[in-house]
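S.K.: Okay, so the sequence shown: first residue is 59 according to this note's numbering, each after it adds one.
Glycine included, each C-beta is placed from N, C-alpha and C at the ideal position.
Structure below; questions to follow.
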Amino acid sequence: MELIQENEKSQILSQLSIGLTMKEASLLAKVRDEDARFTMRHSPGFRKQVEWAQLEMKRKALDTISRSMTKYDNAQSAAWYLERKHKDEFGTKTININSENGNTTVVFQMERPRAQEQLTDNNKRPNGKDPDQNNYLPSPTTAE
């Protein structure tokens, strides 16, 4: 049983493929979110199309990052990718420390600049300058 029409499905899929959520896509297609989700649960074909549409946006984003890293030798894109894809090794570490009375929480954020350090050492620009000198990587004092 499907509660939404084919043209509504197409509108939803189009919106999902550019990164909107199911709720947002349903709203723009003028369909109740609950009806779209019901149809997705009871229609394996539509469910598969939804999954593909959602993956398409992820693929586009990763492709853009990959092209920036390889075609333009962009160290900042590479560092961003490593910090997110390999968080344990290259990401920011947050440590929570609770006091004994349970009322105080102290949060420390430790930067792990390994991705940027490694990329800076390995990615000299054709002009012989480090990427930091060309603003390819944020400096440690720059808050982003």
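Entirely within the region 75-154 and at least 4 residues each: give me those alpha helix (DSSP H) ranges in chain order.
M.R.: 80-86, 91-100, 102-128, 133-143 and 145-148
S.K.: To the nearest angstrom, report how far apart K88 and E66 are at their CA atoms.
M.R.: By 1-based counting over the sequence shown, the position of residue 88 is 30. By 1-based counting over the sequence shown, the position of residue 66 is 8. Cα-Cα distance, rounded: 8 Å.
S.K.: Using a Cβ-Cβ cutoff of less than 7 Å, which residues in the same chain neighbour E82 once the five nearest sequence positions on both sides are dropped?
M.R.: Numbered from 1 along the sequence shown, position 24 holds the residue referred to as residue 82. By the criterion of a C-beta distance shorter than 7 Å, E82 is surrounded in its chain by Q73, once the five residues flanking it on both sides are discounted.
S.K.: Please classify T97 as buried or exposed, where buried requires at least 16 neighbouring CB atoms within 10 angstroms.
M.R.: Along the sequence shown, one-based indexing puts residue 97 at 39. Buried, because 16 or more other Cβ atoms sit within 10 Å of the Cβ of T97.
S.K.: Where does S72 fall in DSSP's three states?
M.R.: For this step, residue 72 is matched to residue 14 along the sequence shown. Helix, per DSSP.
S.K.: For I76, count the other beta carbons within 10 Å of its own beta carbon; 16 or more makes it buried, fewer makes it exposed. Which is it?
M.R.: Position 18 of the sequence shown, counting from 1, holds the residue named residue 76. Exposed, by the Cβ-count rule.
S.K.: From G149 to V108, what does the alpha carbon distance come to, in whole angstroms?
M.R.: By one-based count along the sequence shown, residue 149 stands at place 91. By one-based count along the sequence shown, residue 108 stands at place 50. Straight-line Cα distance between these residues: approximately 31 Å.
S.K.: In three-state DSSP terms, what is E60?
M.R.: Here residue 60 refers to the residue found at position 2 of the sequence shown. It is coil, neither helix nor strand.
S.K.: Among the residues of its own chain, which have a CB less than 7 Å from the CB of E114, if the five just before and after it don't count?
M.R.: For the purposes of this step, residue 114 is taken as residue 56 along the sequence shown, with counting starting at 1. Excluding residues within five positions, the ones whose Cβ falls inside 7 Å are S75.
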